[in-house]
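In what follows, a single structure is set out as structure tokens and then discussed.
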Amino acid sequence: MIETALAIAFFSTLITSLVLLILLARRILLPEGVARVEVNERRTLDAQLGNKLLDALSAAGIALPSACGGKGTCGQCRIDVVGDAPPALPTDAARLDRRELAQGTRLACQLTLRGDLRIRIPDEIFGVRQWSCRVRSARCVGTMIREIVAELPGDERLDFRAGSFVQVTVPPYRARYRDFPIETEVRPEWDRLNLWRHEVASSAPVTRAYSLANAPEEDRQATLLVRLATPPPAAPEDVPPGIASSYLFSIEAGDSIDLAGPYGHFFASEGDAEMIFVGGGAGMAPLRSHILHQLGALRTQRRIGFWYGARHRRELLYADLFEGLAAEHPNFHWTPALSEPRPGDAWTGAVGFIHEVLESSYLAHHSQPENCEYYLCGPPLMARATCAMLARLGVPPENVHFDDFGA
5 MIETALAIAF
15 FSTLITSLVL
25 LILLARRILL
35 PEGVARVEVN
45 ERRTLDAQLG
55 NKLLDALSAA
65 GIALPSACGG
75 KGTCGQCRID
85 VVGDAPPALP
95 TDAARLDRRE
105 LAQGTRLACQ
115 LTLRGDLRIR
125 IPDEIFGVRQ
135 WSCRVRSARC
145 VGTMIREIVA
155 ELPGDERLDF
165 RAGSFVQVTV
175 PPYRARYRDF
185 PIETEVRPEW
195 DRLNLWRHEV
205 ASSAPVTRAY
215 SLANAPEEDR
225 QATLLVRLAT
235 PPPAAPEDVP
245 PGIASSYLFS
255 IEAGDSIDLA
265 GPYGHFFASE
275 GDAEMIFVGG
285 GAGMAPLRSH
295 ILHQLGALRT
305 QRRIGFWYGA
315 RHRRELLYAD
325 LFEGLAAEHP
335 NFHWTPALSE
345 PRPGDAWTGA
355 VGFIHEVLES
365 SYLAHHSQPE
375 NCEYYLCGPP
385 LMARATCAML
395 ARLGVPPENV
405 HFDDFGA
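Positions 5 to 411 (our numbering) are the ones given, in order, by the sequence shown.
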């Protein structure tokens with residue numbers, strides 16, 4: 005009897021101690037109260053202690069870019085803490101260099117509010133807007149790339165610079181690939197790849213970044229190029245396809261999408277240096293915007309070259325557009341190259357990886373390649389290979405600009 009009573013008392017004490025420890029930990033990790041956040045000395049907001057700074061700013065209508073949806077993997081939601089910055093987390097260190105960490109730069113999605121805070125963000129963030137847009141058109145311009153043209157509501161206009169991007173927020177949804185509105189000419193390739201078997205679902209909103217493919221003068225719309233993110237061929241059967249890209253492949257004219265923007269840093273420098281654009285895949289988007297703006301609104305006389313790589317002819321985007329621009333503008337030339345042309349392509353153009361074609365057909369004979377400006381956007385392997393080639397030719401890093409979006 006005594007042993008039973010002692011056992012009950014022991015376990016009661018143990019449980020009470022564990023509960024107290026949990027409550028104490030909760031109080032430390034999720035403190036109650038309100039934090040005051042001062043932004044750029046121009047706005048102050050109150051936020052719940054324990055919340056992430058990114059969520060607090062978003063709730064106050066300050067939309068920092070965050071293509072990964074707050075997971076700490078894209079590194080876009082950078083802020084500078086004024087005064088003593090909280091200790092950096094491993095996720096901060098993975099995306100920020102030592103100098104940035106030392107000066108108080110942190111990722112807003114990783115910073116938990118534990119007290120009042122003073123921060124600085126780029127002033128242009130205050131100009132970011134959010135819209136629910138109507139889809140005017142949605143079509144496949146490549147086997148795995150879909151062009152979506154979204155109209156802004158009412159008399160709204162998207163005031164942006166060439167090279168900017170927007171964020172698309174996808175709602176919770178469930179979809180089957182076999183129900184996607186895919187054009188007849190693309191279906192044979194989807195059959196070959198057995199894409200119709202995929203299903204995708206999301207129980208929470210997801211945000212992703214997409215570069216704008218339209219020129220800034222087309223400010224009543226947002227043109228996006230979406231690459232379908234499917235599992236690699238060797239991936240297990242249960243690996244899901246991309247949530248955001250699958251959703252954007254499922255929509256059609258008349259549907260709506262939620263956009264926020266503009267954001268960006270992939271802008272052209274002013275001057276008269278020769279501009280060389282190098283791209284592949286959905287990296288076409290910002291390069292198309294730049295070239296249309298340079299040759300259209302700016303009527304630049306700068307020499308401009310565009311080298312674009314694709315595997316086969318079906319993946320060669322906007323060929324007619326750029327051939328027309330080259331015929332109309334003597335200062336513009338474009339060189340497409342196919343790395344794996346098919347017998348039915350009847351291809352007579354350049355063959356090979358685009359960085360190799362650029363070097364062998366042009367830069368190797370250029371008198372001053374180091375004085376050109378280079379704008380890159382495409383698959384990571386393409387970007388790395390191009391940067392290595394340019395470094396070998398003596399091009400200084402400050403003359404090479406690249407964008408990770410839309411590749």
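Where is the CB? At the ideal position from N, CA and C, for every residue including glycine. Since the model is a prediction, treat every value here as computed from it, not as a measurement.
Quick check: residue i and residue j, are their CB atoms within less than 9 Å of each other?
i    : j    : result
Y312 : I247 : no
E160 : Y181 : no
L53  : L156 : no
L162 : Q225 : yes
D407 : L385 : no
F169 : A142 : no
L414 : F164 : With the chain covering 5 to 411 only, the question about residue 414 has no answer from this structure.
T227 : E151 : yes
C113 : G76  : yes
L342 : A354 : yes
V132 : G265 : yes
G284 : Y366 : no
V85  : R122 : yes
L115 : L58  : yes
V230 : A166 : no
L111 : I83  : yes
E256 : P347 : no
Would you please state the rounded distance, in angstroms, between the beta carbons of residue i and residue j? I believe it to be under 8 Å.
i    : j    : result
T211 : Q171 : 5 Å
S260 : A179 : About 16 Å; that fails the 8 Å criterion.
P340 : A314 : 7 Å
R103 : G79  : No, R103 and G79 are not in contact; Cβ-Cβ is about 15 Å, not under 8 Å.
R307 : N335 : 5 Å
For residue i, which of the options has the nearest alpha-carbon?
i    : options                   : result
V46  : P126, S141 and P240       : A small fix is needed here, since residue 46 is Arg in this sequence, not Val. Among P126, S141 and P240, the Cα nearest to that of R46 is on P126.
L61  : R224, Y177, R124 and P94  : R124
A331 : E360, L299 and S343       : L299
G74  : A239, T173 and T188       : T173
P91  : T109, G268 and G79        : T109
G37  : N55, N44, W194 and V43    : N55
S364 : F336, E344 and L397       : L397
V404 : D324, S293, S206 and E278 : E278
A289 : N335, P220 and P240       : P220
V282 : Q305, M393, L199 and N218 : M393
G158 : D223, F336 and P185       : D223
H333 : P236, L296 and G119       : L296
Y267 : A63, D50 and C81          : C81
A238 : L197, D276, S207 and S249 : L197
S249 : Q107, P175, L93 and P94   : P175
A208 : D96, P400, Y251 and A51   : Y251
P345 : Y177, G356 and S371       : G356
For residue i, write down the residues that DSSP places opposite it in a beta bridge.
i    : result
M279 : I308 and E377
H337 : G309
R124 : D84
H405 : Y379
I261 : C137
Q372 : Paired residues: none, contrary to the question.
S206 : Y177
Can we say the segment 316-328 touches the segment 136-150, given the rule of at least three CB pairs closer than 8 Å?
yes
Cβ contact (3+ pairs, closer than 8 Å) linking the segment 376-386 and the segment 126-138:
no
Three-pair Cβ contact test at 8 Å for the segment 383-402 versus the segment 352-371:
yes
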